[in-house]
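For the sequence shown, our numbering gives the first residue as 4, with consecutive numbering after it.
Heads up, the beta-carbon is just placed ideally off N, CA and C, and yes, glycines get one too.
These numbers come from a predicted model, not from an experiment.
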Amino acid sequence: MKERIGRHTKFVECRESRGLGIGGGLAQRATISESGRDVVAVAMGPGKRHITKPVCEITYALREEGIDTSVIVINAGSGVPADAPDVSTGSIFGLDPIEVERIQQFRLALIHLGNVRNHIIYKARLILRNVDLPAVIVCQAPVDFEDFARIGVKTRLVMPTKENIATKGKIVDIVTGVIRGITCPQTKLDEIVSKVKRNLEGKKISVASGIPSEAQLVMGI
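Right under this line is the structure:
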C-alpha cells in the first residue's frame, strides 16, 4: 500500500459484538474481524496479562503492505493447554471447533504469544495440532525452532522424528522480542512483514512445483 499513489479502499468485516471479558477495547475474546483470506492473526483472549495492542499494530502494518489480514481472538486464550507441564496455572487454554474452522480458511497463521517459554511452545503445539497451516510465531521470549521440534511441532528448519510428530501445521518463521502491551518498534514490524511476505510467496511456489524451498533437518528426540 505504501508504494501505491491515490486512495485505495479496503473492506474489513468487523466483529459482530463486543464478545466477552474485559479489556482490549472492541477486540475481545471469542471475536473475529475478517479482511480477505491471506493471513489470520491469532490473538489470546485479552485480560490483565493478554493485551491485544501489538496485534492491532501488526495487523495495520500488514494491511498497509497490501496483505489482507484478519484477526481472531481466542475464547479460551489464557492459561496453558491441559497437556503442558505447568498446567497448575488455573485456567486451561483451548480452541473451540468454530475457531479451528475459521483459522483453517486462511493461507498463513500469525500466532501472537507472550513471554513464558513453556506457554509459547505448548500453545503453539495445540493450535497447530488442530490447524493444518504454515505459521509465523510472534512472541517476547527468545525461542527457536528446536524448542518447538523438541515437543513434536513441525518446523521449517528442524523436524521431530517421524514417530514424534504431533502437529498438522508447521512453524515457518519466528519473530521474538515483541513485548505485549507496548508499542511495537518499526524494526519488528518490518521483520514481521518481511517474513509473512516471504512465506506467502513461498507457499505459492511450493504448491506450483511440489518442491520444498529449503532442506530440512531431522531432529532426534
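- Query: If we count the other Cβ atoms within 10 Å of its Cβ and call it buried at 16 or more, is Pro188 buried or exposed?
  - Reply: Exposed: under 16 other Cβ atoms inside 10 Å.
- Please report the residue range of the alpha helix (DSSP H) in which Thr62 lies. Secondary structure note for Thr62: its alpha helix (DSSP H) is the uninterrupted segment 56 to 67.
- Can you tell me the Cβ-Cβ gap for Asn133 and Pro88, rounded? I've got them flagged as a contact below 8 Å. At roughly 20 Å, the Cβ-Cβ gap does not stay under 8 Å, so Asn133 and Pro88 are not in contact.
- Run the proximity test for Ile185: is its beta-carbon closer than 7 Å to any non-hydrogen atom belonging to the ligand GTP? For the ligand GTP, the structure offers nothing, since it holds no ligand at all.
- Item | Any 3 or more C-beta pairs closer than 8 Å across the region 179 to 198 and the region 162 to 170 | By the C-beta criterion, the region 179 to 198 is judged not to be in contact with the region 162 to 170, since fewer than 3 inter-stretch pairs fall below 8 Å.
- Message: Taking 8 Å as the threshold (beta carbon to beta carbon), is Arg183 in contact with chain B?
- Response: The question asks about chain B, but that chain is absent: this structure has only one protein chain.
- Considering only the beta carbon of each residue, do Ile106 and Val43 sit closer than 8 Å? Between Ile106 and Val43, the C-beta gap is smaller than 8 Å, which places the two residues in contact.
- Query: Does DSSP put Ser197 in a helix, in a strand, or in coil?
  - Reply: Ser197 falls in the helix class under three-state DSSP.
- Ordered along the chain, which non-local residues of its own chain (more than five positions away) have a Cβ less than 6 Å from that of Leu136? Excluding positions up to five away in sequence, the list reads Ala112, Gly172.
- What is the C-beta distance between Val45 and His115, in whole angstroms, given that I count them as a contact (C-beta under 8 Å)? Yes, Val45 and His115 are in contact; Cβ-Cβ is about 7 Å, under 8 Å.
- Item | Coarse secondary structure for Gly205, derived from DSSP in three states | Here DSSP, grouped into helix, strand and coil, assigns Gly205 to helix.
- Taking Cβ positions, are Val2 and Thr62 nearer each other than 8 Å? Because residue 2 is not part of the residues shown, which for the chain are 4 to 224, the question remains open.
- Measuring CB to CB, does Ile154 end up less than 8 Å from Ile124? With respect to the 8 Å criterion, Ile154 and Ile124 are classified as neighbours on the basis of their beta carbons.
- Given a threshold of 16 other Cβ atoms within 10 Å of its Cβ, counted over all protein chains shown, does Gln143 qualify as buried or as exposed? Classification of Gln143: buried, given that the 10 Å Cβ count is 16 or more.
- Spatial distance of Gln108 from Asp86 (CA atoms): Approximately 26 Å, taken between the alpha carbons.
- Message: Quick check: the Cα distance between Arg66 and Ser38, rounded to an integer number of angstroms?
- Response: If I take the Cα positions, the gap works out to 9 Å.
- Message: So, for Leu129: in the same chain, excluding its five sequence neighbours on each side, which residues have a beta-carbon less than 6 Å away from its beta-carbon?
- Response: Leaving aside the five residues that flank Leu129 on each side, the residues in its chain whose CB is nearer than 6 Å to its CB run, in chain order, Pro84.
- Message: Spatial neighbours of Arg40 within its chain, please: C-beta separation below 7 Å, excluding the five flanking residues on both sides.
- Response: For Arg40, the CB contacts under 7 Å within the same chain, skipping 5 residues up- and downstream, are Asp71, Gln108, Phe109, Arg110 in chain order.
- Query: Residue ranges of each alpha helix (DSSP H) run of no fewer than 4 residues wholly in the region 97 to 152, ordered along the chain?
  - Reply: Entirely contained in the region 97 to 152, the alpha helix (DSSP H) runs reaching 4 residues are, in chain order, 100 to 106, 120 to 133, 148 to 152.
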